[in-house]
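Under my numbering, the letters of the sequence shown match residues 5 to 365, in that order.
We put the CB at the ideal spot given by N, CA and C, even for glycine.
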Amino acid sequence: MKNFIILIVLLSTFFLACDRDDHEAHEETSYIVTKPLLTDTLIYHEYVGQIHSIQHIKIRTLEKGYLQKIYVDEGQAVRKGQLLFQIMPVIYQSEMLKNQAEVSFAEIEYRNTKALADSNIVSRNELALAKAKLDKAKAELALAEAHLGFTEIRATFDGMIGRFNEVRLGSLLDEGELLTTLSDNSKMWVYFNVPEAEYLDYASRPKSDSLLKVRLQLANNRMFNEHGIVETIEADFNNETGNIAFRATFRNPTGILRNGETGNVLLPVPLEQVLIIPQKATFEILDKKYVYVVDKEGKVESREIRTGAEMPHLYTVVSGIKPGEQILVEGLRKVRNGDKIHTKYQALSAIMDELKDLHAE
Numbered sequence: 005m006k007n008f009i010i011l012i013v014l015l016s017t018f019f020l021a022c023d024r025d026d027h028e029a030h031e032e033t034s035y036i037v038t039k040p041l042l043t044d045t046l047i048y049h050e051y052v053g054q055i056h057s058i059q060h061i062k063i064r065t066l067e068k069g070y071l072q073k074i075y076v077d078e079g080q081a082v083r084k085g086q087l088l089f090q091i092m093p094v095i096y097q098s099e100m101l102k103n104q105a106e107v108s109f110a111e112i113e114y115r116n117t118k119a120l121a122d123s124n125i126v127s128r129n130e131l132a133l134a135k136a137k138l139d140k141a142k143a144e145l146a147l148a149e150a151h152l153g154f155t156e157i158r159a160t161f162d163g164m165i166g167r168f169n170e171v172r173l174g175s176l177l178d179e180g181e182l183l184t185t186l187s188d189n190s191k192m193w194v195y196f197n198v199p200e201a202e203y204l205d206y207a208s209r210p211k212s213d214s215l216l217k218v219r220l221q222l223a224n225n226r227m228f229n230e231h232g233i234v235e236t237i238e239a240d241f242n243n244e245t246g247n248i249a250f251r252a253t254f255r256n257p258t259g260i261l262r263n264g265e266t267g268n269v270l271l272p273v274p275l276e277q278v279l280i281i282p283q284k285a286t287f288e289i290l291d292k293k294y295v296y297v298v299d300k301e302g303k304v305e306s307r308e309i310r311t312g313a314e315m316p317h318l319y320t321v322v323s324g325i326k327p328g329e330q331i332l333v334e335g336l337r338k339v340r341n342g343d344k345i346h347t348k349y350q351a352l353s354a355i356m357d358e359l360k361d362l363h364a365e
């Protein structure tokens, strides 16, 4: 019996010691807290953009005939004036030679008539008629030369050849038949649709901000290395969508942008004196966001907040907390409303740097 009592006392002492150790360990745990940052910042509104060449034309035949030569390939860069296609010129060459002969004949006839007119052998009306025949022959020769020139299809500007429209050597082409396209990709136009409310915010900016710089995120989620400038806004709103089209111009020195591509346009929106907190400091209950506010004594209080703009790893706060109040950043699942905890302060700027490094990885 005595040994049994001693065993109970020893076990009680052991469990009390374990409880005390657990309690002390809990009290010694330090939770990181920070304070909201009141600052000016910049957020980006994102829009789906359609990318177009600054010049994009369809190349068509101007004369009917067989395709004799193709001097370029699809996707090839060409210079202004470079020969692209050759339509068989035999018929048009013959027409030109015929008209050259008619011009030579009309010139001889005119010179003879002029000599007779100067000697008063024929009337001035005869000379005028000979001059008219010569002018007509020259006009027909110029037309024949133009038709012959149309058998050579050349680039009208520096650009890139598009896909061939099922044309091959020897194909019989009709007048006006589509051959391919030519795109000038030195600069690109990116169109994106902006809702009416956001357009009004943009329109109310100072005139000095009228040249708005935007960024372009490509389909592989990488940022295009050139900034674009919003140069024009469409005249009318689309009544069905409530949007209006903006057009931004991007330089394309490497040629990576092509006509018909898509991307996301990031339009900057400046925010003045807004309150910023880390996203990881918040938790949700029934679609409402909360934070744990920690007072000077270390007491935890859950508080509902209303957030505004969302940035990578950050929220702007519209209401619920004030500058200078401490909020819990880590260990949100380990505490409850009303708990007292030990805290360790970390500036929000340091937390933001850590989040940037994590995002970069």
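Segment limits, beta strand (DSSP E) that includes residue i
| i | result |
| --- | --- |
| G53 | L41 to R64 |
| E170 | Careful: E170 lies outside any beta strand (DSSP E) and carries neither H nor E. |
| F75 | Per the sequence shown, the amino acid found at residue 75 is Tyr instead of Phe. Segment: none, Y75 is in no beta strand (DSSP E) and carries neither H nor E. |
| N189 | L182 to P199 |
| H346 | H346 to Y349 |
| A249 | N247 to R255 |
| K293 | K292 to V298 |
| M315 | V304 to M315 |
| E235 | G232 to I237 |
| K217 | L216 to Q221 |
Contacting residues, own chain, Cβ-Cβ under 6 Å from residue i (five flanking each side not counted)
| i | result |
| --- | --- |
| D25 | Confidence is the limiting factor: at D25 the pLDDT is only 47, short of 50, which leaves the residue's position unreliable and the question unanswerable from this model. |
| D343 | V304 |
| L41 | I280 and L352 |
| E113 | A134 |
| A148 | E99, M100 and N103 |
| I237 | F250 |
| I61 | L186 |
Neighbourhood of residue i by C-beta, 8 Å cutoff - its chain only, sequence neighbours within 5 removed
| i | result |
| --- | --- |
| Y48 | R219, L270, L271, P272 and V273 |
| P374 | Any question about residue 374 goes unanswered here, given that the chain covers just 5 to 365. |
| E334 | Y35, I36 and K284 |
| G302 | K344, I345, H346 and T347 |
| A223 | E265, T266 and G267 |
Counted within 10 angstroms of its Cβ, other Cβ atoms place residue i as buried (16 or more) or exposed
| i | result |
| --- | --- |
| E67 | buried |
| A21 | Unreliable positioning characterises A21 in this predicted model, as indicated by a pLDDT of 46, which lies under 50. The coordinate reading is nonetheless provided below. Under this definition A21 is an exposed residue. |
| K348 | exposed |
| A285 | buried |
| G166 | buried |
| I325 | buried |
| N263 | buried |
| G328 | exposed |
| V107 | buried |
| N243 | exposed |
| L33 | Reading off the sequence, residue 33 comes out as Thr, not Leu. T33 comes out exposed. |
| L138 | buried |
| I125 | exposed |
C-beta contact flag for residue i and residue j at 8 Å
| i | j | result |
| --- | --- | --- |
| L352 | T45 | no |
| G232 | T258 | no |
| I355 | V37 | no |
| G69 | I91 | yes |
| E50 | N268 | yes |
| L176 | I74 | no |
| T429 | E156 | There is no way to answer for residue 429, as the model of the chain reaches only from 5 to 365. |
| V298 | R307 | no |
| L216 | V234 | yes |
| E130 | A121 | yes |
| Q97 | L152 | yes |
| G53 | F196 | yes |
Selected residue, minimal CA-CA separation from residue i, among the options
| i | options | result |
| --- | --- | --- |
| L183 | K102, E78, E130 and G53 | E78 |
| A119 | A132, A223 and R340 | A132 |
| V76 | M315, F168, A141 and Y203 | F168 |
| V94 | A110, L71 and F109 | L71 |
| Q277 | I309, N242, E244 and A313 | A313 |
| K142 | A110, R115 and N124 | A110 |
| L204 | A150, T43 and F241 | F241 |
| R226 | I260, R337 and M315 | I260 |
| F154 | I63, Q80, R340 and K140 | I63 |
| K39 | K338, K300, V339 and S208 | K300 |
| L336 | F287, P282, A207 and A239 | F287 |
Own chain residues within Cβ distance below 7 Å of residue i, not counting five before or after
| i | result |
| --- | --- |
| D188 | S57, I58, Q59, F161, D162 and G163 |
| T311 | K293, Y319, T320, V321 and V322 |
| R255 | K191 and E230 |
| A398 | In this structure the chain extends from 5 to 365, so residue 398 is not present and cannot be described. |
N-terminal and C-terminal residue of the alpha helix (DSSP H) that residue i is part of
| i | result |
| --- | --- |
| G264 | Looking at the DSSP string, G264 is not in any alpha helix (DSSP H), and its letter there is neither H nor E. |
| S98 | V94 to D122 |
| L336 | L336 -> no alpha helix (DSSP H), and no H or E assigned at all. |
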